[in-house]
Structure formats: structure tokens, C-alpha cells
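Note sheet for the following structure.
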Amino acid sequence: MKYENIILAIIVIAILVIPLAMYSGLGEDEGYFGGSDDQGSDGVSETGYEPWFNSFWEPPSGEIESLLFAVQAAIGAIIIGYFFGYWRGQGKEE
Amino acid sequence: MHIMEGFLPPFWCAVWYVIAIIVVAYGLYEIKKVVDETPESKALLAVSGAFMFVISSLKLPSVTGSCSHPTGNGLGAALFGPAVTGVLATIVLIFQAILLAHGGLTTLGANCVSMGIVGPFVGWIVYKLLTKAGVPSKINIFLIAFIADIVTYIVTAIQLGLAFPEPTTMAAITKFFLIFAPTQLPLAIAEGLLTVIIWNGLMSYKPKLLNKLGAISDSELSKGE
């Protein structure tokens with residue numbers, strides 16, 4: 071199907087936009103859009119457990135953290151793009 | 003699915019490390035074998051790892067109003083099996099543990115077992131069975147990605163429940179699972195669809211290689227030509 075990937079991409083976008091629309095106007099201060107990983111950690115802390123080891127290094131701010139996440143995504147995207155471009159240029163597989 | 007640094011008692015860190023190290027060592031052996039036998043598969047290995055890099059860096063909003071991230075572990079599992087996926091996941095998890103304080107070095111073993119090994123393993127079994135049954139790979143790849151994602155979080159819930167069995171182990175596992183599951187469900191569907199998109203690309207460029215790796219059946223290969 072010619073437009074299959076585009077349709078799939080639109081569905082993915084819809085899945086991600088719906089929550090933004092549902093909770094429009096609400097933010098972190100109201101307890102929205104936090105990470106479920108942190109909620110898992112909170113579930114552990116409720117039992118009175120104290121972590122016995124801390125990270126050697128933490129991104130000093132949200133800005134730096136988003137920088138590093140963007141770097142991670144970029145590394146992956148470059149590699150995927152490189153090989154797909156290479157294969158496309160190669161033409162049909164022998 | 004990231005259990006944060008220090009959030010598992012040392013005993014459980016060690017248990018999961020032992021399991022992870024055994025499987026990852028076997029995965030390294032399998033990588034060597036597949037690259038020796040099929041040198042072209044190196045590129046697919048890189049793409050599988052890169053896909054996991056991209057997908058697991060995206061923290062996505064979900065209908066529960068929380069964010070979580072997909073795992074990207076289905077593609078590698080479909081192509082190379084769960085042990086190799088364990089190796090790829092270890093690379094991603096080390097990057098995130100050291101640079102992002104996301105996950106941790108003490109919990110690396112546990113996170114590797116959930117995202118790199120058990121999640122992909124369960125998805126991979128389903129994938130193999132359905133491929134044998136003649137189900138088109140497009141459906142199978144969606145399912146492996148969806149299942150590997152969900153099972154990853156089930157395993158994380160079990161790991162936390164075992165380490166913090168209050169009031170009982172089962173109640174704790176349920177508690178942690180309910181923290182993750184509702185948020186994860188729509189994201190696992192999105193991850194499945196994204197994996198289908200990249201699969202469509204691979205199918206159009208490298209069907210023979212996918213067949214050689216056992217990821218698509220002979221009949222599907224001949225149908226595509």
C-alpha cells in the first residue's frame with residue numbers, strides 16, 4: 071500500500087497528541103507529564119527504602135538533560151539514515 | 003522501565019547482573035557467529051541498535067497524563083533474537099546510566115534483563131511461532147514490538163516487587179505493574195507502529211537478507227518478488 075507508512079505515522083502522532091489535548095493547560099506543577107520511571111521510584115521510596123548508591127554524575131539541569139537525549143536520538147537517526155540511503159542507492163538486492 | 007541508580011538492594015543487583023552477564027556473553031558470541039556467516043548483517047545490527055537508541059530516547063506522553071518511553075527492542079529481537087538484543091540494550095543502558103542519570107550502573111543488570119532479554123525473548127517466541135504459522139511479518143513485527151515493550155515493564159514490576167515485597171510479593175508486583183501498565187499501553191502500540199514503518203523499509207531493500215536471518219519465511223520472500 072502506497073501511503074501505508076504515512077497513515078501509520080499519522081496514527082502514532084494521534085496517539086501522542088491526544089494526551090496533550092486531554093490535559094491541555096495542566097503541567098508538571100499539577101502532577102502531569104512526569105515520568106513513570108520516577109513514579110516507580112516513588113513507589114519504592116514509600117516503603118521507606120533509601121537508595122544506597124547515587125549516580126556519579128547527573129545532568130546539572132533540564133536543558134543539559136534534553137541536550138543529551140537529543141544527542142542520543144541524533145546518533146541513532148544518523149546511523150539509520152546512513153544505511154537506508156546506502157541501500158536505496160544500491161538498488162535492488164542481488 | 004529504568005530502575006534508578008541505587009533503587010535495588012545489593013543482593014538483587016547481583017542476581018540480575020549474573021543473569022545479564024551470562025546472556026550478554028552468549029549474545030556477543032552469537033553476534034560474532036552471525037557476522038562471520040553473513041557479513042551483510044552487520045548493517046542490520048547497526049540499524050537495530052540505532053533504532054533502539056532513537057526510540058528509547060523519546061519520552062512520550064500517554065493518556066494517563068504521565069510520560070514514559072518505549073524500548074525499541076522488538077526490531078533487534080526479530081532479526082537476531084533476544085541474546086543479541088541484550089548486547090544492544092546494554093550499550094543503550096550504559097549511555098543513559100552514565101550521561102543521563104537515567105537508570106544506573108548498580109541497576110544495569112536488572113534493566114538489561116527486563117529491556118534487553120526477557121521482554122525481547124517473549125516477543126521473539128511469539129514472532130517465531132507466528133512466522134512458522136504463515137502470518138505475514140508485518141503483523142508479527144508489530145506484535146513483537148508491542149509484546150517486548152509491555153513485557154519489559156512487567157519484568158520491571160516483578161523485579162521491584164521481589165525486592166520490596168510489602169505487604170506481599172504479589173501485592174507489590176501488582177502495585178508496581180499498575181504504576182507502569184496504563185501509561186505504557188498506548189505507547190507500546192505507538193512503538194509497534196513505528197517498528198512496522200522501519201520494517202517496511204527493510205522489507206523493500208533487504209528481503210533476502212531478512213529471509214536468510216530467518217526473520218521472514220521463504221513463502222513470504224517469494225511472494226514479494
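Here the protein sequences come in this chain order: A and B.
Numbered per the numbering used here, the first sequence spans residues 71 to 164.
Numbered per the numbering used here, the second sequence spans residues 3 to 227.
Beta carbons: idealized from backbone N, C-alpha and C, even for Gly.
Please state whether the Cβ-Cβ distance between residue i and residue j is less than 9 Å.
i	j	result
Leu187(B)	Ser58(B)	no
Ser70(B)	Phe182(B)	yes
Ala22(B)	Ile119(B)	yes
Ala16(B)	Phe153(A)	no
Ala80(B)	Ile143(B)	yes
Thr185(B)	Ser106(A)	yes
Asn75(B)	Ala150(B)	yes
Leu62(B)	Ala192(B)	yes
Phe148(B)	Gly106(B)	no
Gly161(A)	Met6(B)	no
Thr40(B)	Lys208(B)	no
Val20(B)	Gly146(A)	no
Tyr119(A)	Phe103(A)	no
Pro129(A)	Thr66(B)	no
Leu145(B)	Leu132(B)	yes
Ser139(B)	Ser219(B)	yes
Phe97(B)	Val36(B)	no
With distances taken from CA atoms, which of the options is nearest residue i?
i	options	result
Pro121(A)	Ala85(B), Ala165(B), Asn142(B)	Ala165(B)
His104(B)	Lys210(B), His4(B), Ser206(B), Glu222(B)	His4(B)
Gly78(B)	Cys69(B), Lys134(B), Ser68(B), Val198(B)	Val198(B)
Val153(B)	Lys35(B), Pro41(B), Phe179(B), Gly163(B)	Phe179(B)
Ala135(B)	Ala217(B), Leu102(B), Gly194(B)	Ala217(B)
Leu204(B)	Thr171(B), Leu131(B), Gly83(B), Phe53(B)	Phe53(B)
Val25(B)	Asn113(B), Leu46(B), Val89(B), Leu81(B)	Val89(B)
Ala27(B)	Trp14(B), Met6(B), Ala91(B), Pro41(B)	Ala91(B)
Ile149(A)	Gly29(B), Ser50(B), Pro41(B), Ala147(B)	Ser50(B)
Pro12(B)	Thr133(B), Gly111(B), Met117(B)	Gly111(B)
Tyr156(A)	Leu162(B), Ser224(B), Leu46(B)	Leu46(B)
Met117(B)	Leu131(B), Pro138(B), Thr158(B)	Thr158(B)
Ile76(A)	Ile156(B), Asn202(B), Lys225(B)	Asn202(B)
Ile156(B)	Lys177(B), Leu223(B), Leu132(B), Val137(B)	Lys177(B)
Leu95(B)	Val114(A), Phe139(A), Val87(A)	Phe139(A)
Ser68(B)	Glu116(A), Asp108(A), Val141(A), Ala144(A)	Asp108(A)
Ile93(B)	Leu30(B), Thr171(B), Leu223(B)	Leu30(B)
Trp14(B)	Ala99(B), Tyr129(B), Ile160(B)	Ile160(B)
Asn113(B)	Trp18(B), Ile100(B), Thr171(B)	Trp18(B)
Name, please, each residue of chain B whose Cβ falls closer than 7 Å to the Cβ of residue i.
i	result
Glu135(A)	Leu102
Ser111(A)	Met6, Phe9
Tyr93(A)	Gly67
Gly159(A)	Near Gly159(A) there are no residues of chain B at all, since even the closest Cβ is about 10 Å away, more than 7 Å.
Residues of chain B with CB closer than 9 Å to the CB of residue i, please, in chain order.
i	result
Tyr119(A)	Phe9, Pro11, Ala165, Phe166
Glu98(A)	Within 9 Å Cβ-Cβ: nothing; Glu98(A) doesn't reach chain B, min ~10 Å.
Gly132(A)	Under the 9 Å cutoff, chain B gives no residues; its nearest Cβ is about 12 Å from Gly132(A).
If residue i sits next to residue j, beta carbons under 8 Å apart, how far is it from one beta carbon to the other, in whole angstroms?
i	j	result
Val115(B)	Glu32(B)	The Cβ separation is near 17 Å, so there is no contact.
Gly8(B)	Phe123(A)	4 Å
Thr108(B)	Leu10(B)	7 Å
Leu102(B)	Glu135(A)	6 Å
Phe123(B)	Pro84(B)	4 Å
Ala143(A)	Leu60(B)	7 Å
If the cut is a Cβ gap below 8 Å, which residues of chain A does residue i touch?
i	result
Cys69(B)	Phe103, Gly104, Gly105, Ser106
Leu47(B)	Under the 8 Å cutoff, chain A gives no residues; its nearest Cβ is about 10 Å from Leu47(B).
List the residues of chain B that residue i touches, going by C-beta distances under 8 Å, in chain order.
i	result
Glu128(A)	Ala103
Gly155(A)	Residues of chain B passing the Cβ test: none, with the nearest at roughly 10 Å.
Listing by chain order, which chain A residues have their CB less than 7 Å from the CB of residue i?
i	result
Thr108(B)	Phe123
Pro1(B)	No statement about residue 1(B) is possible, as the shown extent of chain B runs from 3 to 227 and does not include it.
Pro188(B)	Ile85
Gly76(B)	Near Gly76(B) there are no residues of chain A at all, since even the closest Cβ is about 15 Å away, more than 7 Å.
Lys177(B)	Gly113
Thr185(B)	Ser106
Going by DSSP, name the residue or residues bridged to residue i.
i	result
Ser70(B)	Leu62(B)
Gly105(A)	Cys69(B)
May I ask whether a heavy atom of the ligand GTP can be found less than 8 Å away from the beta carbon of residue i?
i	result
Ser136(A)	Inclusion of the ligand GTP in the displayed structure is not the case, the ligand content being empty and no account of it being possible.
Going along chain A in order, which residues have a C-beta closer than 9 Å to the C-beta of residue i?
i	result
Val198(B)	Glu74, Asn75, Leu78
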